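Okay, so here's the structure we're looking at.
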Amino acid sequence: MFDTPVRAGGKPAKHWFDLEPAARIAAVSALGLPAYRARQVSNHVFGRYEYQPDQWSDLPLAARESLANLFPPLLTAAQELSADRGMTVKTAWRIAGDAVVESVLMRYPNRTTVCISSQAGCGMACPFCATGQGGLQRSLSTAEIVAQVADAAAKLAQGAVAGGPGQVNNVVFMGMGEPLANYAPVMAAVRELIRPKPDGFGISARGVTISTVGLVPRIAALAAEELPLTLAVSLHAPDDELRDELIPVNQRWKVGELLDAAWDYARVTKRRVSIEYALIRDINDQQARADLLARELKRRGDWTWAHVNLIPLNPTPGSKWTASRKRDQQTFIDRLERAGIPVTLRDTRGRNIDAACGQLAALQR
Ligand code: SF4
Numbered sequence: 013m014f015d016t017p018v019r020a021g022g023k024p025a026k027h028w029f030d031l032e033p034a035a036r037i038a039a040v041s042a043l044g045l046p047a048y049r050a051r052q053v054s055n056h057v058f059g060r061y062e063y064q065p066d067q068w069s070d071l072p073l074a075a076r077e078s079l080a081n082l083f084p085p086l087l088t089a090a091q092e093l094s095a096d097r098g099m100t101v102k103t104a105w106r107i108a109g110d111a112v113v114e115s116v117l118m119r120y121p122n123r124t125t126v127c128i129s130s131q132a133g134c135g136m137a138c139p140f141c142a143t144g145q146g147g148l149q150r151s152l153s154t155a156e157i158v159a160q161v162a163d164a165a166a167k168l169a170q171g172a173v174a175g176g177p178g179q180v181n182n183v184v185f186m187g188m189g190e191p192l193a194n195y196a197p198v199m200a201a202v203r204e205l206i207r208p209k210p211d212g213f214g215i216s217a218r219g220v221t222i223s224t225v226g227l228v229p230r231i232a233a234l235a236a237e238e239l240p241l242t243l244a245v246s247l248h249a250p251d252d253e254l255r256d257e258l259i260p261v262n263q264r265w266k267v268g269e270l271l272d273a274a275w276d277y278a279r280v281t282k283r284r285v286s287i288e289y290a291l292i293r294d295i296n297d298q299q300a301r302a303d304l305l306a307r308e309l310k311r312r313g314d315w316t317w318a319h320v321n322l323i324p325l326n327p328t329p330g331s332k333w334t335a336s337r338k339r340d341q342q343t344f345i346d347r348l349e350r351a352g353i354p355v356t357l358r359d360t361r362g363r364n365i366d367a368a369c370g371q372l373a374a375l376q377r
């Protein structure tokens, strides 16, 4: 339904991360190994972040060699950049089909967040976005999505990231791609991330954020999962006239339908929805749009169902899409606050390595 032509070929072979716990036992048995090996493997993978069979010295060599079939290569680091004294690390990964995706690890005083990609490229064609202009290369497999978090978890556990040993607390699907356009693999990855150890990474569902530009039926499907995930809606305009231009999928599902779906999501999950709004100079940062946004949110009920996350753009000289003036940004905040809407200004972590992390990472290019 949401698919667009795929350019790149080759998905990777099935990986442990693609399998549910029962399927792991079946896969181990199919290799002629006893079922209890599945638990041993998962202890290494999810308990100790050891993803290579040659690290599992308590298993016989022959078993490790067979099990290597269930651990094909997924991601190859093509480039790694760090900023904020090593507390932000962005990695470009080469994946099967010669596509490249990105993940970003961000350490804060009390938590660590990993921003991951769900697709290589994107089919949503937002005109301000370099990723969108390139189209969709292909959607990622469950294992390729999980592997981005697995890499971060291992680096943190080993103390390989500035700030000392740690763990992943939050995962945000705000890297490359539209997560809800790759629904089944994304949800399988989410279930693996939140499944308790030793069958999953044991990350709190409340720590997982799924972003979308507005695939309304898939927001309803997400609400029906009855998981307390955080939904982030990349709104960027409160009116159809402008949003039709900024986010082409708005021509299919209008602002009203999108906010109704977001409100339903908040009602069903009891989770406050994050309304993402990139402030673009003289495009969407007018006072009247702040007032309209506040009205649209408030008229759907108790204002606490949503909070607005404003994103300052990284100024790009010569581009039509550039940062709001400081005074316009402040007026926008003031108007929302005066209307009683909770509002935050997004941290611009990693800006100097183009790691604003989000649907909006693309805006920074
Ligand atoms: S802004 Fe996000 S949804 Fe739009 S084309 Fe870019 S990556 Fe896709």
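Read in order, the letters of the sequence shown correspond to residues 13 to 377 in my numbering.
Even for Gly, the Cβ is constructed at its ideal location relative to N, Cα and C.
Keep in mind it's a predicted model, so treat the numbers as computed, not measured.
Review point. Which class does M99 belong to by DSSP, given the choice of helix, strand or coil?
Key: coil
Exercise for review: Report all residues from its chain with a CB closer than 6 Å to the CB of P250; omit the five preceding and five following residues, and keep chain order.
Suggested key: R301, L304, L305 and E308
Practice item. Go ahead and label A122 buried or exposed: buried means 16 or more other beta carbons lie within 10 angstroms of its beta carbon, across all protein chains shown. Key: Sequence check: residue 122 is Asn here, not Ala. So N122 ends up on the exposed side.
Exercise for review: Note down, in chain order, each residue of its chain lying with its Cβ closer than 6 Å to the Cβ of R19, except the 5 sequence neighbours on either side.
Suggested key: With a pLDDT of 40 at R19, under the threshold of 50, the predicted position of this residue should be treated as unreliable, though the coordinate-derived value follows. Result list for R19: Q149, in chain order.
Practice item. Could you check what DSSP says for F344 in three-state terms: helix, strand or coil? Key: For F344, the secondary structure class from DSSP, reduced to helix, strand or coil, is helix.
Exercise for review: Quick one: grab the DSSP three-state call for E237.
Suggested key: Note: E237 maps to coil in three-state DSSP.
Exercise for review: Note down, in chain order, each residue of its chain lying with its Cβ closer than 8 Å to the Cβ of T343, except the 5 sequence neighbours on either side.
Suggested key: Q299 and A302
Practice item. Would you tell me roughly how many angstroms separate the C-alpha atoms of P229 and Y120, rounded to the nearest one? Key: 34 Å
Point to revise | Rounded separation between V57 and A50 - CA only | key: 10 Å
Review point. Can you give the beta carbon distance from Q136 to E190, rounded, assuming they're within the 8 Å contact cut?
Key: In the sequence on display, residue 136 carries Met and not Gln. Yes, M136 and E190 are in contact; Cβ-Cβ is about 5 Å, under 8 Å.
Review point. DSSP beta-bridge partners for C134?
Key: Looking at the DSSP assignment, C134 forms no beta bridge with any residue, so it has no partner.
Exercise for review: Go ahead and label Q160 buried or exposed: buried means 16 or more other beta carbons lie within 10 angstroms of its beta carbon, across all protein chains shown.
Suggested key: buried
Review point. Taking Cβ positions, are A273 and V285 nearer each other than 7 Å?
Key: No; because the gap between Cβ atoms is not below 7 Å, this pair is not in contact.
Check your understanding: DSSP state of H319, grouped into three classes?
Key -> strand
Review point. Can you tell me whether T224 is buried or exposed, with buried defined as 16 or more other CB within 10 angstroms of its CB?
Key: buried
Practice item. Output the distance between the C-alpha atoms of E156 and L87, rounded to the nearest integer angstrom. Key: L87 has its alpha-carbon roughly 7 Å from the corresponding atom of E156.
Check your understanding: With burial defined as no fewer than 16 other Cβ atoms inside 10 Å of the residue's Cβ, what is the status of A108: buried or exposed?
Key -> buried
Check your understanding: Is M186 near the ligand SF4, in the sense that its beta carbon is under 6 Å from a heavy atom of that ligand?
Key -> no
**Study point:** Opposing strand residues paired with S286 [DSSP bridges]
**Key:** Among the bridge pairs identified by DSSP, S286 is matched with A244 and H319.
Check your understanding: Between V180 and A193, is the Cβ-Cβ spacing less than 7 Å?
Key -> no
Practice item. Report yes if the C-beta of T356 is less than 6 Å from at least one heavy atom of the ligand SF4; otherwise report no. Key: No.
Exercise for review: Could you pull the start and end residues of the beta strand (DSSP E) that V112 belongs to?
Suggested key: Run containing V112: A111 to Y120, per the beta strand (DSSP E) assignment.
**Study point:** Status (buried if at least 16 other CB within 10 Å, exposed otherwise) for K338
**Key:** Looking at its Cβ environment, which holds fewer than 16 other Cβ atoms inside 10 Å, K338 is exposed.
Check your understanding: Measuring CA to CA, which of V198, I259, K26 and D256 is closest to L241?
Key -> V198
Point to revise | Collapsed DSSP secondary structure at E379 in the structure displayed | key: What is shown of the chain runs 13 to 377, which leaves residue 379 out entirely.
Exercise for review: Grab me the residues of E92's own chain with a C-beta within less than 8 Å of its C-beta, minus the 5 sequence neighbours each way, in chain order.
Suggested key: V101, K102, T103 and A104
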